[in-house]
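A short write-up of the structure that comes next.
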Amino acid sequence: LIRPFFIFHLHDIAQLIFAKKLKFIPTLREEGNQLYIKGDFQAAAVRYQEALNLLEQLSLREKPGDPEWVELDKQRVPFYVNLAQCQFKLKVNHPLQRSYFALDGHFPYFPKLSASLGVKRNRPSIYRLVHKFVTVVPLVFFV
């Protein structure tokens, strides 16, 4: 890091770090998607979790309800979905339930995950989710 000469330089450095983290998130998504395609579900889950952690750090800077915060919140959804799919493939139940229920406030429950967890809800399928958010973030869904 560059050592600031004056206090007002701290804000510039913080903005630079924020921008770098924001640009790194799509890279993590792509790496996770490639690892999932190769069948390395554990490494893909790690990438998705890293992206979720970055999004959490970035959203702490914003006030809930602000447009910037809402945009960051929307970016979490594909990572939770992909992370849940990795955990489903790895047959890890407890983290799968956490990822699955983290999506409850955002989107409908997914039929295959609902069946695997024994949750019965009458909600739309995952394909409606894909069509709704395909313009926000290019998603890869592994159903």
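Take the sequence shown: its position 79, counting from 1, is numbered 79 in our numbering, and each next residue is one higher. Don't be surprised by glycine CBs; every beta carbon is placed ideally from N, CA and C.
Just to confirm, does residue i get its C-beta within under 7 angstroms of one of the non-hydrogen atoms of the ligand GDP?
i, result
"residue 83", "Judged by which ligands are present, the structure shown has none, so any question about the ligand GDP falls away."
Take the Cβ of residue i as the centre, count every other Cβ of all protein chains shown within 10 Å, and call the residue buried at 16 or more, exposed below.
i, result
"residue 63", "exposed"
"residue 39", "exposed"
"residue 57", "exposed"
"residue 52", "buried"
"residue 19", "exposed"
"residue 61", "exposed"
"residue 81", "buried"
"residue 122", "Any reading at residue 122 must be qualified, since the residue scores a pLDDT of 42, below 50, and its modelled position is unreliable; the value itself is stated next. Counting Cβ neighbours within 10 Å, residue 122 comes out exposed, since fewer than 16 surround it."
For residue i versus residue j, is the C-beta spacing smaller than 8 angstroms?
i, j, result
"residue 75", "residue 55", "yes"
Which residue's Cα is closest to the Cα of residue i: the options?
i, options, result
"residue 84", "61, 46, 27", "46"
"residue 25", "78, 86, 87", "78"
"residue 31", "87, 89, 90, 48", "48"
"residue 88", "67, 21, 59, 36", "36"
"residue 22", "72, 90, 34, 44", "72"
"residue 86", "34, 17, 27", "34"
Contiguous alpha helix (DSSP H) assignments of at least 4 residues, all confined to the region 45-77: none
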